[in-house]
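Scroll down for the structure; my scribbles are underneath it.
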Ligand code: SF4
């Protein structure tokens, strides 16, 4: 049930070239792409994880993390297996690079499940990388849109621009990982490149709600100058894009100690020079309320993943500054 002919490939005899993502794998028969979920079978490229679900939960939207998109609301969150990057610190390596158990759920059944969840805003494609689950996400997102559900991608942004442009009209919000503002980092830590991810941020920000996450790892990508450059680049796209600076903990192939708290504080200060909304992830007890960038009035109060809106969702009640938030 989970096998479907893939989109975005060309054939040359019985060899195929996949161009769903920037790796552009060339695959002979029986070879599988770097994502481990697209295989050449007899000259036809197949998606191996269509509808194959490894996790399905109702999560607060804050957990994605999205802080400026329907704060405090739940969203049905689903994931499959596979990933097209290989980050040494992967927090979800069991499903990204392992062979987990799955359950087949058709797009129609998933949308029905989403409709049955009380107060649910839609479906988040998350946990593993959704862009290499492409055909299923596209089919499901189309159906969900017909039912007025929101579609959210939590993604590494490592997708070909044509495939992205076909998907974006059905997507309402994205959290995009920018692992570091460094091509060397992408090459050595994640087995990818930076520029396609930046292209994804630009394309998505032109038509959807976008937030960015960067996992901060001491010494590897914590240089405040580099973080400032990242923030400056994001501000050039849209200074209202919220950024989540997430604290690294040892996982998968990386056993460095957790990122120091003073590093996280310095990272926040650096990024705040260019962006209006900066949040810290993976640090207990941190102040992650939303404050007005003009007068510092509290706009959204957060405790853990719970959120309470303290303004009308459009402008600051104290000073009248327009606030970039979808409520
Ligand atoms: S989606 Fe998979 S098979 Fe296709 S180019 Fe990317 S890594 Fe290779």
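In my numbering, the protein residues as written are 5 to 331. C-beta atoms are modelled at their ideal positions from N, C-alpha and C, and glycine is treated no differently.
Within the region 255-286, the alpha helix (DSSP H) runs of at least 4 residues that lie entirely inside it are, in chain order, 265-276.
Note: residue 248 is bridge-paired with 217, 283 in the DSSP secondary-structure output.
CA-CA distance, residue 277 to residue 52, rounds to 44 Å.
Separation of residue 21 and residue 31 (C-alpha to C-alpha, rounded to the nearest whole angstrom) is 6 Å. Residues of the same chain with a CB within less than 6 Å of the CB of residue 326, apart from the 5 flanking positions on each side, are 319 in chain order. Between residue 181 and the set 39, 113, 234, the nearest pair of CA atoms involves 234. With a contact defined as Cβ atoms closer than 8 Å, residue 136 and residue 205 miss out at about 18 Å.
Residue 229 sits in a helix when the DSSP states are folded into three classes. Secondary structure note for residue 102: it is in no beta strand (DSSP E), with a DSSP letter that is neither H nor E.
The shortest CA-to-CA distance from residue 48 to any of 201, 13, 6, 185 is the one to 13.
Rounded to the nearest angstrom, the gap between the Cα atoms of residue 312 and residue 19 is 54 Å. Boundaries of the alpha helix (DSSP H) around residue 138: 138-150.
Per the Cβ contact rule, the region 170-181 is in contact with the region 206-222 (3 or more Cβ pairs under 8 Å). Residue nearest to residue 152 within the set 124, 196, 256, 291 is 124 (criterion: CA-CA distance). In this structure, the beta-carbon distance from residue 249 to residue 308 does not fall below 8 Å. In this structure, the straight-line span from the alpha carbon of residue 263 to that of residue 33 is close to 44 Å.
Around the Cβ of residue 265, a 10 Å sphere holds fewer than 16 other Cβ atoms; the residue is exposed.
If only complete runs of 4 or more residues are kept, the region 41-104 shows the alpha helix (DSSP H) at 97-100, in order along the chain. Less than 8 Å separates the beta-carbon of residue 9 from that of residue 50. Taking the Cβ of residue 28 as the reference point, at least one heavy atom of the ligand SF4 falls within a distance shorter than 7 Å. The alpha-carbon of residue 155 is positioned some 9 Å away from that of residue 146. A straight-line Cα-Cα distance of about 15 Å links residue 281 and residue 317. Under the 10 Å beta carbon count, residue 246 is surrounded by 16 or more other beta carbons and is classified as buried.
Distances from the alpha-carbon of residue 56 to those of 68, 168, 85, 75 put 85 closest. Annotated three-state conformation of residue 236 is helix, per DSSP.
Taking 7 Å as the cut-off, the C-beta of residue 88 counts as close to a heavy atom of the ligand SF4.
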